[in-house]
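Same order as they appear, the protein sequences are chains A and B.
Residue numbers for the first sequence follow my numbering, beginning at 3 and rising by one.
Residue numbers for the second sequence follow my numbering, beginning at 4 and rising by one.
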Amino acid sequence: MQLIFEKSVPERKGFQVPKSDVSMKATIPGAYIRKIDCLWPEVSELDVVRHFTRLSNLNYSLDANFYPLGSCTMKYNPKFTEKAASIKGFANLHPVLPQLDGSLVQGGLEVLFEMDQLLSEITGMDNFTMQPLAGAHGELTGVMLMAAYHRAKGNKKKYIIIPDSAHGTNPASATIAGYDIVSVPTDKNGVLSLKDFEAKITDELAGVMLTSPNTLGIFNSNIDKIADAVHKVDGLMYYDGANLNALLGRARPGDLGFDIVHINLHKTFATPHGGGGPGAGPVGVKKSLSKFLPISRVIKKDDHTYALDYNYPESIGYVAPFYGNFSVILKAYAYILMLGKEGLREISDHAVLNANYIMARLKKYYDLPFDRTCMHECVFSASKQEKNGVHANDIAKFLIDKGFHPPTVYFPLIVKEAIMIEPTETESKQEMDPFIEAMIEAAQLSESHPDQFKDFPKNTPVSRPDEVKAAKDIICNHFLKK
Amino acid sequence: MLKVIGAKSIDDLFLDIKSRHQPKSFNIPSGLSEFEVLERVRGIASKNDARLVSFLGAGFYDHYVPEAVTALTSRAEFYTAYTPYQPESSQGILQALYEYQSMIATLTNMDVVNASLYDGGTALYEAMMMAIRINRRKKIVMDGGVSPIYRKIIRSYTSNLDIEFKETPIVHGRADREAIKNILDDKTSAIILQNPNFFGSIDDHTDIIKQAHKLGILVIESVYPISLGILKTPGEMDADIVTGEGQSLGLSLNFGGPYLGFMATKEKYIRKMPGRIVGQTEDKNGRRCFVNTLQAREQHIRREKATSNICTNVALCAIQAAIFMSLLGKQGLKDLAQLNLDKAEFARKTLEKIEGVEVKRSSPTFNEFTICLPKKAKDVVEKMVQKGFAAGFPLSRYYPEMENYLLVAVTEKRTKDEIVLFANNLEGALCS
């Protein structure tokens, strides 16, 4: 498809800038003025509408079909939450208005305060900050809180333990916050080995970052014992909330011994992922860490009004300019209000049921490295198919041709040829069965005609891209072509 | 389904969660219908006052968002997709992001752009970390004109790291050349500048950049995109890394987010840049297509050695900005920037006539400027709220010594009548 720049026609306009109603034409001295033109396209509004509508048509989306992308929790995003976020009283609210007069933003502050309460109760924590702008940003905030805690206590801490099954963001976030990483292997049951783990604990342990259930979709029953061992050396337990969807109403990180949690609102609480964001990654802590939370914080005063409070001298400061990705928080708020206690609990029930159903139906066809009841997702390996030269990625491309978004492949890194499937609770048996059939067909085809896999996908707007060329001859700016 | 699984009940699937793991409480209110939720949220929204005539900026501006922007970004094909991990199913998002990158590149006159960071503040922090990765030095100089909000963000992130910070003052509204010259040395990794600066003054940093480069220092410029319809670009000044807040490119104010952090740099630094980068390539039939490229820099491959921990960014906001930039086009950007400039100039001249109001303006400004009042700005602003105006940003919030100073922004949305009424009311507020 043409680029928007290739549709450009000199002097065509897509938007009429209002005529000036002031009589002056201001000028700026020449030294401060740009000499090289900005080459934004010259197109009409209809050109723009057609261009982006056609682009959207090239895109696979959750609204169109099943999206079992493991670890990403691609559940249906109810439409009414979009409506809630577009209400003018929120959408047009300037973030520094509270500096003029706190009474102007009581509604905005109420949402932030209520979400603090709701998320605290859901996760068993004492206080939340809504500031972090995505999951990884929440991780960084969480590790900064950990560092502030140890600094205040005069603890000399150097490293953080992270299992080898963790998301890449965990070690990246911990490193950025100034800690060394110690990796602990996964045992034959698919969980952190308690023995290996205890061997890595010293007085210099700052904390542990864990996803629970882990990225293999397994809940570690020893989680509380791990927490006890970590707390003995005054280490902190960090809960990566990427997989909270499996635990809603069944267990709370706070009760399991975690001190800090982040939640991906764009996963568990159904806010749309936007093709790569915006997300939101609120962080919750136990009381002992509350004083370190980012400022500002929202408080409810005795007269039932809300206010921003900056008076926390031990706070880690600002991690975002204001109060987080407010409109994302608002959507999650609306979603939680609709589901309520019973609805939230049903989420984990159905998410786990769906994942186990897919696992049961596919385990005859694919190698299952950890053959036990799973939680919200199951991880297969294409090792059987690989013997015929068919890799996890080939199966993914086959599924695209069948009209599905493929599962996550090659993650977690500890499973060779990993295929990670997370159906989420919003999918019915009728939506999952055709996917399962397609997976079975892929397994069978890998036996009968493995050579055919190199050609998939065939039905997409483009076939497999040359990734090596993309990285070698980098073209990432239309105006900088060689 | 349970039969296929071989379980008697759903509870059987949760046996790994032992009774000692059960929630101690789960006191969430009962669920509501969609209608009830929306009524409640509307009720809460009505407690906000978003109807004030706004002269508030401080880095976040009340620009008009064309309806086509909203309509196109509301397409579920964009907003209900995940990160484009499978390029064959994601050409829509990938091409839109490639176009976004190209548009930011030509806006700033830089070579390469990433596919977005969270916001202008975290983008500035990422730029600083990138500079440290490039020249492996640990001293950062920050000009006094950089947004105090961004400075606070950077300070938070670096409190556990061994980085030395130096701040230079501003004189007559602009970067203090003399102070900068004295502070830059061969241990300095980068100097951070902002144009227009927080107080609204515009500058040409070419001389500072030239001087920094002689010492192997990288220059980071934080910019306001709409101003670049007129102002000298960071590329023309030879800046090394450019960041900014893209909210003014078609995004609503949303009480603080989501916004759009953009970052651009020189081609030679592309491998040190954080975030996703969309690159052009060919499929096996030779057709042009787009992929996420240079992924070996990123956390999902490189883990603790990654250039950043960023994963989910703000792709939809970047696409929204791309739609806005397409609608505006080459001439529209110039016209919009000029209109902002003209209205601000009119407002400045109108306010200047009020007795006791002094416009601080030793160098030119774009659409925001600082005024000094004969009274505490905070008190005046509170009075102006009663008259229906968000009069500006009282600088005492971050500069206690500037009690009487007010930062006033004027976008294309403010009419002549509103500006005149604003001036009249301000005059009244100062008398009473």
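Heads up, the beta-carbon is just placed ideally off N, CA and C, and yes, glycines get one too.
Q | Residues in the segment 402-419 of chain B having any Cβ partner in chain A nearer than 7 Å | A | Flagged, chain order: E415, T418 and K419.
Q: Would you list, in sequence order, the uninterrupted beta strand (DSSP E) runs of no fewer than 3 residues that lie entirely inside the segment 284-365 of chain B?
A: Taking only runs of at least 3 residues, the beta strand (DSSP E) segments lying wholly in the segment 284-365 of chain B are 291-296 and 361-363.
Q) Using 8 Å as the limit for Cβ to Cβ distance, is B:E371 near chain A? A) Within the second sequence, numbered from 1, the residue matching residue 371 of chain B stands at position 368. Cβ-Cβ to chain A under 8 Å: no for B:E371.
Q: Give a yes or no on whether the minimum CB-CB distance between A:A86 and chain B is below 8 Å.
A: Counted from its first residue, the first sequence places residue 86 of chain A at position 84. Chain B contact via Cβ: present.
Q) Which residues in the same chain as B:G253 place their Cβ atom closer than 6 Å to its Cβ, once the five residues preceding and following it in sequence are excluded? A) Mapped onto the second sequence, residue 253 of chain B falls at position 250. Contacts found: V68, V72, Q323, A324 and F327.
Q. Which class does A:D230 belong to by DSSP, given the choice of helix, strand or coil?
A. In the first sequence, counting from the first residue as 1, residue 230 of chain A sits at position 228. The answer is helix: DSSP assigns A:D230 an H, G or I state.
Q.
Which residues in chain A have a C-beta closer than 9 Å to the C-beta of B:E224? List them in chain order.
A. Counting from 1 along the second sequence, the entry for residue 224 of chain B is found at position 221. Within chain A, no residue comes near B:E224; the closest Cβ sits about 13 Å away, beyond 9 Å.
**Q.** Within 8 Å of chain B by C-beta, residues of the segment 327-340 of chain A in sequence order
**A.** Contacts with chain B (Cβ-Cβ distance below 8 Å) from the segment 327-340 of chain A involve N327, F328, S329, V330, L332, Y335, A336, I338, L339 and M340, listed in chain order.
Q.
Checking 8 Å against the spacing of the C-beta atoms, do A:Y295 and A:T131 come in under that value?
A. Stepping through the first sequence from its first residue, residue 295 of chain A is reached at position 293. Stepping through the first sequence from its first residue, residue 131 of chain A is reached at position 129. Position check: residue 295 of chain A holds Leu in this sequence, whereas Tyr was assumed. For the pair A:L295 and A:T131, the CB atoms are nearer than the 8 Å cut-off.
Q) Taking only beta-carbon atoms, is A:H268 less than 8 Å away from chain B? A) Counting from one through the first sequence, the residue named residue 268 of chain A turns up at place 266. Taking Cβ atoms only, chain B reaches closer than 8 Å to A:H268, which makes this a yes.
Q) Using 8 Å as the limit for Cβ to Cβ distance, is A:M76 near chain B? A) Residue numbering aside, residue 76 of chain A sits at position 74 when the first sequence is read from its first letter. Output row for A:M76: interface = yes.
Q. In its own chain, which residues sit with a C-beta less than 6 Å from the C-beta of B:T209, not counting the 5 before and 5 after it?
A. In the second sequence, counting from the first residue as 1, residue 209 of chain B sits at position 206. Cβ within range, chain order: M240.
**Q.** Best match in A:G16, A:W42, A:P80 and A:R56 for proximity to B:S36 [C-alpha to C-alpha]
**A.** Numbered from its first residue, the second sequence carries residue 36 of chain B at position 33. Comparing Cα positions, the closest option is A:P80.
Q. Near A:G180, what residues of its chain come up, given a Cβ to Cβ distance below 7 Å and the 5 sequence neighbours on each side ignored?
A. In the first sequence, the residue the question calls residue 180 of chain A occupies position 178. Same-chain partners within the cutoff: A149.
(Q) Between the alpha carbons of A:S385 and A:N395, how many angstroms are there, rounded? (A) The count along the first sequence starts at 1 and reaches residue 385 of chain A at position 383. The count along the first sequence starts at 1 and reaches residue 395 of chain A at position 393. Their backbone Cα atoms lie some 12 Å apart in a straight line.
Q | Validate contact between the segment 51-58 of chain A and the segment 404-412 of chain A using beta carbons, cut 8 Å, 3 pairs | A | Touching, no.
Q | Beta-carbon neighbours of B:S192, restricted to chain A and to distances below 9 Å | A | For the purposes of this step, residue 192 of chain B is taken as the residue at position 189 of the second sequence. For B:S192, there are no neighbours in chain A by C-beta distance under 9 Å, as the nearest C-beta there is about 16 Å away.
(Q) What ranges does the alpha helix (DSSP H) occupy inside the segment 132-167 of chain B, keeping only unbroken runs of at least 4 residues that lie completely in it? (A) Qualifying alpha helix (DSSP H) stretches, in chain order: 151-161.
(Q) According to DSSP, simplified to helix, strand and coil, what is B:E371? (A) Position 368 of the second sequence, counted from the first residue, corresponds to residue 371 of chain B. Note: B:E371 maps to strand in three-state DSSP.
Q | Where A:L238 meets chain B, residues with beta-carbon distance less than 9 Å | A | The residue labelled residue 238 of chain A in the question sits at position 236 within the first sequence. Result: empty, since nearest Cβ-Cβ is about 14 Å, beyond 9 Å.
Q) Is there a Cβ from chain B that is less than 8 Å from the Cβ of A:Q221? A) Here residue 221 of chain A corresponds to residue number 219 of the first sequence, with the count starting at 1. The residue you asked about is not Gln; residue 221 of chain A is Phe in the sequence shown. Yes, because at least one Cβ of chain B sits closer than 8 Å to the Cβ of A:F221.
Q | Inter-stretch contact (C-beta, 8 Å, three-pair minimum) for the segment 349-363 of chain A and the segment 422-432 of chain A | A | The answer is yes - the segment 422-432 of chain A touches the segment 349-363 of chain A, with three or more Cβ pairs under 8 Å.
**Q.** Beta-carbon spacing of A:I163, A:G192 below 8 Å
**A.** Looking up residue 163 of chain A in the first sequence gives position 161. Looking up residue 192 of chain A in the first sequence gives position 190. Cβ atoms of A:I163 and A:G192: not closer than 8 Å.
Q. If B:G264 and A:P97 are in contact, beta carbons under 8 Å, what's the gap, nearest whole angstrom?
A. Position 261 of the second sequence, counting from 1, holds the residue named residue 264 of chain B. Position 95 of the first sequence, counting from 1, holds the residue named residue 97 of chain A. No, B:G264 and A:P97 are not in contact; Cβ-Cβ is about 15 Å, not under 8 Å.
Q: Compare the C-beta of B:I374 with all C-beta atoms of chain A and state if any pair is closer than 8 Å.
A: Here the question's residue 374 of chain B lines up with position 371 in the second sequence. No, no contact with chain A.
(Q) Let me make sure I understand the geometry here. Which of A:Q387, A:N479 and A:K431 has the alpha-carbon closest to that of A:D453? (A) Position 451 of the first sequence holds residue 453 of chain A. Measuring from the Cα of A:D453, the nearest candidate turns out to be A:Q387.
Q: Could you work out which residues of chain B lie near A:S63, taking near to mean beta carbons separated by less than 7 Å?
A: On the first sequence, residue 63 of chain A is found 61 positions in, with the first residue counted as 1. At a beta-carbon threshold of 7 Å, the residues of chain B lying near A:S63 are A79, E80, T83 and A84, ordered along the chain.
Q: Mind reading off the beta-carbon distance from A:A248 to A:M377? Whole number of angstroms is fine, and I expect it under 8 Å.
A: The residue you call residue 248 of chain A lines up with position 246 of the first sequence. The residue you call residue 377 of chain A lines up with position 375 of the first sequence. That belief holds up - the Cβ atoms of A:A248 and A:M377 are roughly 4 Å apart, short of 8 Å.
(Q) Going by DSSP in three states, B:T171 sits in which element: helix, strand or coil? (A) As a position in the second sequence, residue 171 of chain B is number 168, starting the count at 1. For B:T171, the secondary structure class from DSSP, reduced to helix, strand or coil, is strand.
**Q.** Buried or exposed by the 16-neighbour rule on C-beta atoms within 10 Å, applied to A:Q18
**A.** If you number the first sequence from 1, residue 18 of chain A lands on position 16. A:Q18 comes out exposed.
(Q) Using the three-state DSSP reduction, which class does A:D311 fall into: helix, strand or coil? (A) Locating residue 311 of chain A in the first sequence gives position 309, counting from the first residue. In the structure shown, A:D311 sits in a strand (DSSP, three-state: E or B).
Q. DSSP on A:D242, reduced to helix/strand/coil?
A. Locating residue 242 of chain A in the first sequence gives position 240, counting from the first residue. Shown here, A:D242 sits in a strand according to DSSP, grouped into three states.
Q | chain A contact residues for B:D345, given Cβ-Cβ distances below 7 Å | A | Counting from one through the second sequence, the residue named residue 345 of chain B turns up at place 342. Those within 7 Å of B:D345 in chain A are S22, V24, M26, K27 and A28.
Q: Whole angstroms is fine: what's the gap from B:F29's alpha carbon to A:K343's?
A: Residue 29 of chain B sits at position 26 when you count from the first residue of the second sequence. Residue 343 of chain A sits at position 341 when you count from the first residue of the first sequence. Cα to Cα, the separation comes out at about 7 Å.
Q.
Spatial neighbours of A:A154 within its chain, please: C-beta separation below 8 Å, excluding the five flanking residues on both sides.
A. Translated into the one-based positions of the first sequence, residue 154 of chain A becomes position 152. Cβ within range, chain order: F294 and E316.
Q) For B:K27, does the count of other Cβ atoms within 10 angstroms reach 16, so buried, or fall short, so exposed? A) Position 24 of the second sequence, counted from the first residue, corresponds to residue 27 of chain B. By the beta-carbon neighbour count (other beta carbons within 10 angstroms, threshold 16), B:K27 is exposed.
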